[in-house]
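Residue numbers (this note's numbering): 187 to 473.
Input: a single structure, listed below in structure tokens.
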């Protein structure tokens, strides 16, 4: 007998919000990268948001036996849970909880009998550092692969307050270049890049979600490290040249895409991106 995804319990989030009883997170001051509600009045949630809705989601995930702490903060554990849901439902694995993800939570597709929710969390955790590895794991399990267009991130999303100073980033896949822009769209910095090979870097408009001084490749943990990770689409972000056992991986900046989805830049440039783009800053990826 086929089982529905254990995470369908998350679909009760709106019902739980209406239930009686004390709510320790009721007075939590929302801090969101995307200040917008969908047509049903539900907030768009992104990594490192602080919101009562995040606490409700985390509680239901914990009740379903998933490894998440109920904090009201959309942390990396919560990101893995949401990426698991998105991967399993064939959505863009960007970590943004918008209309498409809310719908998938309420009406999830069924999974094969031999796949459980914790397996999907493992896949999603891999996806944070290596989307291509996660896609291969999904394929091996016969699960749907995420679509290539980031419809969740672009459909109806506006960012009226994109971040300190109004700075933003634009990535040009066709020329393997990127720019950091000020509030008047003047170029602050321009860097050569190497994006994802075979279309692994999704096109669309996203927002900076989280940062790490050092990130690790899940496929070669802990041998491969990357400095100054600035995530804008789930596990996809800007970072320095990957280093494996003390040697930099071959990266033809400004010439060809070779990554597993992330935007590689020189280490010094990655530090500039890390310091310049605040949480919530928009990132546009164009062909």
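We treat Cβ as the ideally placed atom computed from N, Cα and C, and that holds for glycine.
Keep in mind the model is a prediction, meaning the values are calculated, not measured.
Exclusion of the five residues before and after residue 362 leaves 378, 379, 380, 381, 439, 440, 441, 442 and 443 as the residues of its chain whose Cβ lies within less than 8 Å of its Cβ.
Listed in chain order, the non-local C-beta contacts of residue 415 below 6 Å within the same chain comprise 398, 401, 423 and 425, local neighbours out to five positions each way being set aside. For the options 296, 449 and 268, the alpha carbon positioned closest to that of residue 386 is the one of 449. If you draw a straight line from the Cα of residue 286 to the Cα of residue 376, it comes to about 34 Å.
Cβ-Cβ separation between residue 233 and residue 281: approximately 5 Å, consistent with a contact (criterion under 8 Å). A distance below 7 Å between beta-carbons, with the five flanking residues on each side excluded, links residue 300 to no residue of its chain. DSSP links residue 377 through a beta bridge to 364. When the beta-carbon positions are compared, residue 383 and residue 472 stay at least 7 Å from each other. The C-alpha of residue 295 lies about 44 Å from the C-alpha of residue 370. With contacts defined by Cβ atoms closer than 7 Å, residue 392 and residue 469 form a contacting pair.
Per the coordinates, the alpha-carbon of residue 466 lies some 18 Å from the alpha-carbon of residue 268. A distance below 7 Å separates the beta carbons of residue 244 and residue 254. Here residue 356 is not near residue 368, since their CB atoms are 7 Å or more apart. Looking at the DSSP output, residue 413 sits in a beta bridge with 400. Taking a C-beta distance under 7 Å as the contact criterion, residue 309 and residue 260 do not qualify as a contact pair. Closest in C-alpha terms to residue 264, from the list 429, 248, 218 and 324, comes 248. Just so you know, the alpha carbons of residue 436 and residue 409 end up roughly 15 Å apart. Counting only the Cα atoms, residue 256 lies some 22 Å from residue 302. In the displayed model, residue 320 falls within a helix according to three-state DSSP. C-alpha of residue 453 to C-alpha of residue 226: approximately 43 Å in a straight line. In the three-state reduction of the DSSP assignment, residue 427 falls in the coil class, being assigned neither a helical nor a strand state. Annotation: residue 218 to residue 326 spans about 36 Å, alpha carbon to alpha carbon.
Nearest Cα to residue 262 within the set 462, 412, 329 and 419: 419. Bounds of the alpha helix (DSSP H) holding residue 462 are 453 to 462. Between the beta-carbon of residue 413 and that of residue 446 there is about 17 Å, and that puts the pair past the 8 Å contact cut. Burial state of residue 271 is buried, judged by a 10 Å Cβ sphere holding 16 or more other Cβ atoms. The stretch 259 to 301 is shown to contain no whole beta strand (DSSP E) run of 3 or more residues. Rounded to the nearest angstrom, the gap between the Cα atoms of residue 319 and residue 275 is 17 Å. In the structure shown, residue 325 falls within a helical segment according to DSSP collapsed to helix, strand and coil.
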